[in-house]
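Here is the structure we will look at, set down as C-alpha cells.
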Amino acid sequence: MAPVKVADGQNPLRDAADRRLPRIAGPSGLVIFGVTGDLARKKLMPAVYDLANRGLLPPGFGLTGFARRDWEDQDFRKIAHDAIKENCRTPFDEAVWEQLSKGIRFVSGEFSDDQAFARLATTVQKLDEERGTAGNHAFYLAVPPSAFPLVCEQLAESGLSQSKPGTWRRVVIEKPFGHDLTSARELNDVVERVFPPESVFRIDHYLGKETVQNLLALRFANQLFEPIWNANYVDHVQITMAEDIGIGSRAGYYDGIGAARDVIQNHLLQLLALTAMEEPVSFDAAALRAEKEKVLSAVRLPRDLGRHTARGQYDGGWQGGEEVLGYLEEEGMNADSTTETYAAIRLDIDTRRWAGVPFYLRTGKRLGRRVTEIAIVFKRAPHLPFDLNETQELGQNAIVIRVQPDEGVTIRFGSKVPGTAMEVRDVTMDFGYGHAFTESSPEAYERLLLDVLLGDPPLFPQQREVELSWEILDPIIDYWATHGKPESYRPGTWGPPSADPMLARDGRTWRRP
Amino acid sequence: MIITLKGTNTSEIGAKLVDLREEGGAVALGRVLTLVIVASGDDIEPAVEAANIASREHPCRVIVVDPGDGRKSAGLDAEIRIGGDAGASEVIMLRPTGPARREVDTLVIPLLLPDAPIVLWWPHDPPEDMAADPLGKMAQRRISDVDACTRPIESLRGLAKTYTPGDTDLSWARVTLWRGLVAAALDEPPYETVRSVQVLGNGSRPSTYLFAAWLAAALKVEVTIKHEAGASAITGITLDRRSGPITMRRPEGSAVVTLAQPGQPQLQIAMAMRPLADCLMEDLRRLDPDEIYELALVKGRPKVTTA
Numbered sequence: 004m005a006p007v008k009v010a011d012g013q014n015p016l017r018d019a020a021d022r023r024l025p026r027i028a029g030p031s032g033l034v035i036f037g038v039t040g041d042l043a044r045k046k047l048m049p050a051v052y053d054l055a056n057r058g059l060l061p062p063g064f065g066l067t068g069f070a071r072r073d074w075e076d077q078d079f080r081k082i083a084h085d086a087i088k089e090n091c092r093t094p095f096d097e098a099v100w101e102q103l104s105k106g107i108r109f110v111s112g113e114f115s116d117d118q119a120f121a122r123l124a125t126t127v128q129k130l131d132e133e134r135g136t137a138g139n140h141a142f143y144l145a146v147p148p149s150a151f152p153l154v155c156e157q158l159a160e161s162g163l164s165q166s167k168p169g170t171w172r173r174v175v176i177e178k179p180f181g182h183d184l185t186s187a188r189e190l191n192d193v194v195e196r197v198f199p200p201e202s203v204f205r206i207d208h209y210l211g212k213e214t215v216q217n218l219l220a221l222r223f224a225n226q227l228f229e230p231i232w233n234a235n236y237v238d239h240v241q242i243t244m245a246e247d248i249g250i251g252s253r254a255g256y257y258d259g260i261g262a263a264r265d266v267i268q269n270h271l272l273q274l275l276a277l278t279a280m281e282e283p284v285s286f287d288a289a290a291l292r293a294e295k296e297k298v299l300s301a302v303r304l305p306r307d308l309g310r311h312t313a314r315g316q317y318d319g320g321w322q323g324g325e326e327v328l329g330y331l332e333e334e335g336m337n338a339d340s341t342t343e344t345y346a347a348i349r350l351d352i353d354t355r356r357w358a359g360v361p362f363y364l365r366t367g368k369r370l371g372r373r374v375t376e377i378a379i380v381f382k383r384a385p386h387l388p389f390d391l392n393e394t395q396e397l398g399q400n401a402i403v404i405r406v407q408p409d410e411g412v413t414i415r416f417g418s419k420v421p422g423t424a425m426e427v428r429d430v431t432m433d434f435g436y437g438h439a440f441t442e443s444s445p446e447a448y449e450r451l452l453l454d455v456l457l458g459d460p461p462l463f464p465q466q467r468e469v470e471l472s473w474e475i476l477d478p479i480i481d482y483w484a485t486h487g488k489p490e491s492y493r494p495g496t497w498g499p500p501s502a503d504p505m506l507a508r509d510g511r512t513w514r515r516p
Numbered sequence: 005m006i007i008t009l010k011g012t013n014t015s016e017i018g019a020k021l022v023d024l025r026e027e028g029g030a031v032a033l034g035r036v037l038t039l040v041i042v043a044s045g046d047d048i049e050p051a052v053e054a055a056n057i058a059s060r061e062h063p064c065r066v067i068v069v070d071p072g073d074g075r076k077s078a079g080l081d082a083e084i085r086i087g088g089d090a091g092a093s094e095v096i097m098l099r100p101t102g103p104a105r106r107e108v109d110t111l112v113i114p115l116l117l118p119d120a121p122i123v124l125w126w127p128h129d130p131p132e133d134m135a136a137d138p139l140g141k142m143a144q145r146r147i148s149d150v151d152a153c154t155r156p157i158e159s160l161r162g163l164a165k166t167y168t169p170g171d172t173d174l175s176w177a178r179v180t181l182w183r184g185l186v187a188a189a190l191d192e193p194p195y196e197t198v199r200s201v202q203v204l205g206n207g208s209r210p211s212t213y214l215f216a217a218w219l220a221a222a223l224k225v226e227v228t229i230k231h232e233a234g235a236s237a238i239t240g241i242t243l244d245r246r247s248g249p250i251t252m253r254r255p256e257g258s259a260v261v262t263l264a265q266p267g268q269p270q271l272q273i274a275m276a277m278r279p280l281a282d283c284l285m286e287d288l289r290r291l292d293p294d295e296i297y298e299l300a301l302v303k304g305r306p307k308v309t310t311a
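Here is the structure:
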C-alpha cells in the first residue's frame, strides 16, 4: 500500500464527493482601514467573528485595524469585542473570541503618514512570524473613495501591496465606485496601478445575499420559469429598492450623490443584469461576468428622458406617527440642493429575449416601507373564455422575488372565488426563505469576506461592469442636472406624483410592494 | 401547543393536522422533509429537542414512533406538538400498543409529506439492517448513532456489513471539524506525502474510529489509534511527514486545538465538541448517498489498528 502523494493543489483528503468538508480559508490576515466606522463595527468585525465561530477561518488568523485613534492593541481588542458581541449573528463564545483576539493588532496613524505604513508593514510581517499568516493579506478599504488614492499609494510605497511568489495580497473596495464614468475610470486606474485586476475585489453586498444567489437557482435550476422568461410572456419588469428612513446625518456623503448614483448604478443594475442575462455556460466568475456584461451592454435608454424618468426629494412631515425632517432640512444640508432622494428610470434591453419589455427601476428614501424586490409582470392571457364581469378583479400574473425583508418568492395568479358564480380574482402563492430553510442564513458580508480570503471571485463585479453601469446612468444624471429641481414628495409615500404618469404613459402602473 | 389523542388512528391524526393548519395558519407550508424518529422512553425527548433545533435549518415534519408495550391491548395514542413546542417543525408522536405495533410502516405512510424526502433516525440501537427495515426501506436517508449502543465498535462493524447507499451515522458528523482542520493543513506547503498517522483519543468511540478510517482510506497509509484512558473523544492527531510531524492536540476537557509543525509558529484554534443538534443538522443538509462515509466505513475501517 503506497501512500497517496500530496502536492501543490493535490490533496488526497479533498474529494469533490465530500460535501461535508468545510471550505476553510488558508493562512491569511485581514487589514481594515477605517476600522472605527460603522461598516467595520456593525458588519465587518462581526462577520469575521461569525466566520471564526463557524470554523471557517484558519488557525492564527490575523485582524489588523488601522485608524487615526491613539490606541494600543488591547484598546482596539476591547472595541472589537464590544462591536462583535453586540452585532454577531452566531452565539458569542468566549473560547472562539479568545483565539481570535490573539491575532488582533492595531496600527495608529494618518493615511499620509509614511511611518504609520512602515509600522503596518512590520505588524503584518510579525503576524506572519507569530501567527503563521504566511504572507497572505487582504486590505479592506472601509474609507471614503477620496482616500483610495492615498491609501493605495502608501500600500505600494511601503511594499505592502507586493506579494512574494506563492502568497497573495488583495484589496477590497466598497461602492461608490466613482460618481460617473470618468471618475470610475480614474479610481480604477489608481487601484489597478497598485494591485493587478484579479486582486481587486469590489464589494456589492447585495450580491452576497442568499436571495440574489437564489435568483440564479430559480432561473437556471428549474424547468418551470425559464421558458416564460422572455418577451413572449413577460409584459414588464419592476425592480424596487425602497427605504423608509431618510439620510440622517449622512448629508456630507449623500448630497451631490443622490439615489441614482447611490443605488441604481450598483445594486439595481446588478439585479437587472442577473434577472435579464442569458444562461451562463458555467458558474465560474468569467462566465457569469460575460453574461452580465453582455446584457448591460444591450441596455438602451429612452429617447425622451423627461417622459420616462422621474425624480423626487422628500419633504418633512409626519411619517408613521413620527415627525421627520425634509431632505433640505437635514443636518448639514445645503438648502438649495437639487440632489434626488427618489429616482425612477425606464430601461429597455435590445436583445431578442427582451425586445419590447421595459425594465422599470426605482429607488428612494422615506418611501412607504423598507423593501427590495424584483417583480416580473406577465402579459394577460391572450384570450379569456370568461366575460368581462367575471375577470374584473383579475390582474396580471406576476413572479415577485423578495430580496429583503422576508426573503422569498411570491407568485400571483387568478383563482376562482368560492360560490356559484364564476368569478376570478388574484391570489398569491408564497415561498418564504425563512419557512423553508434556516432562520439565520449567513450575512452577506460573511460570504463575501470568506470569498475574498479564498480568492473566489464570482460574486464580485468587475471594472467593465462598473463602467457599463455608468455609461447607462451618466446621460440620465446629466439630463437631470440641466432640468431644474426634483419634485418633492410626502415622506412615507411611494415617491413624487410624476412617478405615476411616467408609467401611465406606457399603460402601466407601479406595483405597491 | 400540545394536543393529545387517545385511542386514535392515523386518519384522525391527519384530519386534526389539517384542522390545525386552517385554524392557526401557523403551521408553515414550506417543509422540506419528513424526519421519522424511532425511539422509546428517555431517548425520545433529547431526540425531539435536537430535531426541533435542526428544523430551523430544515423545516420538517417530525414523526416519532415509540414502539411501546407489546403486551397491552391493541391501540394507538398520539400527540401533536406545534408552534412553540416544536421549533420550526410539527411533531407527531405515535404510541402504538399491542398488535397495533405490527406493520408500523402503514402507521407512518398516511402522515408523510407528499413528495418530500424521508429521513429515518434511530437515536439508540439501529435495526440490524437499516435498509431492510420496513421503515428504513421507505427512507432516502437512514441515520444511526451507534455511539449510544452498548458495544459501539461492534455495532459499527455491523453497519459496514449491511451498508446501503443512504446510510450514515451521526459519529461521522462529529468528526467533520477535525477532518476540515486536517485537510486544510495539507493544503499548505510544504506539500509532503504523509507517511503514517496516529490518532489519539477514546478508541471505543465510533467517531475516533471513523476519523482514523477516513484517513487510512484517503491517504492509504498506516493509521493507528492510540487509546487514551479517560478521554471522552478525539484528543489529537499526528501526521508523520519527511520534514517532521504535524501535530494537533485538544487535551481532554479543552475546547482549543493546538497545531504545531516544523518551522512554523504554534497555532491555536477554538473547536468545541459538537452538540447533537449540529450533527443532525449537518446530516440533513445533503440527502444523497455519502460516498466518503462509505469509503471510511467499509474500506478504511478494517485497516485501522489500535495500540
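If you read the protein sequences in the order shown, they are chains A and B.
Residue numbers for the first sequence follow this note's numbering, so the first one is 4 and each next one is one higher.
Residue numbers for the second sequence follow this note's numbering, so the first one is 5 and each next one is one higher.
C-beta atoms are modelled at their ideal positions from N, C-alpha and C, and glycine is treated no differently.
All values reported here derive from a predicted model rather than from experimental measurement.
Would you mind working out which of A:Glu-133, A:Asp-459, A:Gln-399 and A:Arg-71 sits nearest Leu-291 of chain A, comparing C-alpha positions? Here residue 291 of chain A is taken as the residue at index 288 of the first sequence, counted from 1. Answer by Cα proximity: A:Asp-459.
In terms of residue numbering, what span does the alpha helix (DSSP H) encompassing Lys-165 of chain B cover? Translated into positions along the second sequence, residue 165 of chain B becomes position 161. Segment 156-165, the alpha helix (DSSP H) holding Lys-165 of chain B.
Considering just the uninterrupted stretch of the beta strand (DSSP E) at Glu-325 of chain A, what are its terminal residues? The sequence position of residue 325 of chain A within the first sequence is 322, counting from 1. From DSSP, the beta strand (DSSP E) with Glu-325 of chain A extends over 325-327.
Using a Cβ-Cβ cut-off of 7 angstroms, state whether Thr-242 of chain B counts as contacting chain A. Residue numbering aside, residue 242 of chain B sits at position 238 when the second sequence is read from its first letter. By this cut-off, Thr-242 of chain B is not an interface position.
Quick check on Ala-233 of chain B: buried or exposed, where buried means 16 or more other Cβ atoms within 10 Å of its Cβ? As a first step, residue 233 of chain B is located in the second sequence; it is residue number 229 there, counting from the start. Classification of Ala-233 of chain B: exposed, given that the 10 Å Cβ count is below 16.
On the DSSP bridge list, what partners appear for Ala-141 of chain A? Numbered from 1 along the first sequence, position 138 holds the residue referred to as residue 141 of chain A. In DSSP, Ala-141 of chain A forms a bridge with A:Leu-33 and A:Arg-173.
When we look at the beta-carbon of Asn-517 of chain A and count the other beta-carbons within 10 Å, is it buried (16 or more) or exposed? The displayed coordinates of chain A run from 4 to 516. Any statement about residue 517 of chain A would go beyond what the structure contains.
I want to see whether chain A comes within less than 7 angstroms of Glu-107 of chain B, judged by CB atoms only; does it? Sequence index remark: in the second sequence, residue 107 of chain B carries index 103 (1-based). By this cut-off, Glu-107 of chain B is not an interface position.
Opposite Glu-490 of chain A in the DSSP bridges: which residues? Here residue 490 of chain A refers to the residue found at position 487 when the first sequence is read from its first residue. Per DSSP, A:Gly-315.
At which residues does the alpha helix (DSSP H) containing His-84 of chain A begin and terminate? The sequence position of residue 84 of chain A within the first sequence is 81, counting from 1. Unbroken alpha helix (DSSP H) run through His-84 of chain A: 76-90.
In chain A, what lies closer than 8 angstroms to Ile-325 of chain B by C-beta? Only positions 5 to 311 of chain B appear in the structure, and residue 325 of chain B is not among them; the question remains open.
Would you call the segment 321-329 of chain A and the segment 278-295 of chain A in contact, with 3 or more CB pairs under 8 angstroms? no
Ile-4 of chain B versus Val-108 of chain B: straight-line alpha-carbon distance, rounded: Shown here, chain B extends from 5 to 311; a query on residue 4 of chain B therefore has no answer.
Would a check of beta-carbon distances place Lys-167 of chain A closer than 7 angstroms to chain B? The residue given as residue 167 of chain A occupies position 164 in the first sequence. Not one chain B Cβ lies under 7 angstroms of Lys-167 of chain A.
Min CB distance Leu-214 of chain B to chain A below 7 angstroms: Counted from its first residue, the second sequence places residue 214 of chain B at position 210. No, Leu-214 of chain B lies away from the interface with chain A (no Cβ there is under 7 angstroms from its Cβ).
Our contact map puts Ala-28 of chain A next to Leu-47 of chain A with C-beta atoms below 8 angstroms; I'd like the distance itself, whole angstroms only. Residue 28 of chain A sits at position 25 when you count from the first residue of the first sequence. Residue 47 of chain A sits at position 44 when you count from the first residue of the first sequence. With 8 angstroms as the limit, Ala-28 of chain A and Leu-47 of chain A do not qualify as a contact, their Cβ atoms being about 15 angstroms apart.
Below 8 angstroms on the Cβ atoms is my contact criterion, and I expect Ala-346 of chain A with Thr-366 of chain A to pass it. Report the Cβ-Cβ distance as a whole number of Å. As a working mapping, residue 346 of chain A is identified with position 343 in the first sequence. As a working mapping, residue 366 of chain A is identified with position 363 in the first sequence. At roughly 6 angstroms, the Cβ-Cβ gap stays under 8 angstroms, so Ala-346 of chain A and Thr-366 of chain A are in contact.
With distances taken between CB atoms, is the gap from Val-237 of chain A to Ile-379 of chain A smaller than 7 angstroms? Taking the first sequence and counting its residues from 1, one reaches residue 237 of chain A at position 234. Taking the first sequence and counting its residues from 1, one reaches residue 379 of chain A at position 376. Taking 7 angstroms as the Cβ cut-off, Val-237 of chain A and Ile-379 of chain A qualify as a contacting pair.
Is there a Cβ from chain B that is less than 7 angstroms from the Cβ of Leu-221 of chain A? For the purposes of this step, residue 221 of chain A is identified with residue 218 of the first sequence, where counting begins at 1. Output row for Leu-221 of chain A: interface = no.
Would Glu-133 of chain A count as contacting chain E if we go by Cβ distances under 7 angstroms? Protein chains A and B are contained in the structure displayed, whereas chain E is not.
Which residues in the same chain have their Cβ closer than 6 angstroms to the Cβ of Ala-32 of chain B, if we skip the five residues on either side of it in sequence? Taking the first residue of the second sequence as 1, we reach residue 32 of chain B at position 28. Because Ala-32 of chain B carries a pLDDT of 49, less than 50, the predicted location of this residue cannot be relied on, and the following value inherits that uncertainty. Nothing meets the Cβ criterion.
List the whole-angstrom C-beta distance separating Ser-111 of chain A from His-84 of chain A, where the pair is believed to meet the contact cut-off of C-beta under 8 angstroms. Working through the first sequence from its first residue, we reach residue 111 of chain A at position 108. Working through the first sequence from its first residue, we reach residue 84 of chain A at position 81. Not a contact, Cβ separation roughly 18 angstroms.
Please specify which runs of the beta strand (DSSP E), each continuous and at least 3 residues long, are wholly inside the segment 172-213 of chain A, giving them in chain order. 172-177 and 203-206
Thr-154 of chain B burial status per 10 Å Cβ neighbour count (16 or more: buried): Here residue 154 of chain B is taken as the residue at index 150 of the second sequence, counted from 1. Under this definition Thr-154 of chain B is an exposed residue.
Report the neighbours of Gly-29 of chain A on chain B: residues whose CB is nearer than 8 angstroms to its CB, in chain order. The residue given as residue 29 of chain A occupies position 26 in the first sequence. Within 8 angstroms Cβ-Cβ: Ala-188, Asp-191 and Glu-192.
Below 7 angstroms between beta carbons: does that hold for Ala-377 of chain B and Ala-300 of chain B? Since the displayed chain B opens at 5 and closes at 311, residue 377 of chain B lies outside it and no answer follows.
Classify Asp-21 of chain A as helix, strand or coil using the three-state DSSP reduction. The residue given as residue 21 of chain A occupies position 18 in the first sequence. Three-state DSSP puts Asp-21 of chain A in coil, outside helix and strand.
Comparing C-alpha positions only, which one of B:Gly-248, B:Val-68 and B:Gly-11 sits nearest to Pro-50 of chain B? The residue given as residue 50 of chain B occupies position 46 in the second sequence. Looking at the Cα atoms, B:Val-68 is the closest of the given residues.
Examine chain B for any beta-carbon lying closer than 7 angstroms to the beta-carbon of Asp-21 of chain A, and answer yes or no. Residue 21 of chain A sits at position 18 when you count from the first residue of the first sequence. For Asp-21 of chain A, the answer is yes, since a Cβ of chain B falls inside 7 angstroms of its Cβ.
Start and end residues, beta strand (DSSP E) containing Trp-182 of chain B: Stepping through the second sequence from its first residue, residue 182 of chain B is reached at position 178. Where Trp-182 of chain B is concerned, there is no enclosing beta strand (DSSP E), although the alpha helix (DSSP H) it sits in stretches over 180-190.
Spatial distance of Thr-431 of chain A from Phe-416 of chain A (CA atoms): The sequence position of residue 431 of chain A within the first sequence is 428, counting from 1. The sequence position of residue 416 of chain A within the first sequence is 413, counting from 1. One C-alpha to the other measures close to 6 angstroms.
Flag Gly-267 of chain B as yes if its beta-carbon sits less than 7 angstroms from any beta-carbon of chain A, otherwise no. Your numbering for residue 267 of chain B matches position 263 in the second sequence. Judged by the 7 angstroms Cβ criterion, Gly-267 of chain B is not in contact with chain A.
Is it buried or exposed for His-386 of chain A, if we count other Cβ within 10 angstroms and need 16 for buried? As a first step, residue 386 of chain A is located in the first sequence; it is residue number 383 there, counting from the start. His-386 of chain A comes out exposed.
Compare the C-beta of Val-202 of chain B with all C-beta atoms of chain A and state if any pair is closer than 7 angstroms. Indexing the second sequence from 1 puts residue 202 of chain B at position 198. Correcting the residue type first, residue 202 of chain B is Gln in the shown sequence and not Val. Cβ-Cβ to chain A under 7 angstroms: no for Gln-202 of chain B.
Roughly how many angstroms separate the alpha carbons of Gln-270 of chain B and Gly-135 of chain A, rounded to a whole number? For the purposes of this step, residue 270 of chain B is taken as residue 266 along the second sequence, with counting starting at 1. For the purposes of this step, residue 135 of chain A is taken as residue 132 along the first sequence, with counting starting at 1. If I take the Cα positions, the gap works out to 8 angstroms.
Can you tell me whether Tyr-236 of chain A is helix, strand or coil according to DSSP? In the first sequence, the residue the question calls residue 236 of chain A occupies position 233. Three-state DSSP puts Tyr-236 of chain A in coil, outside helix and strand.
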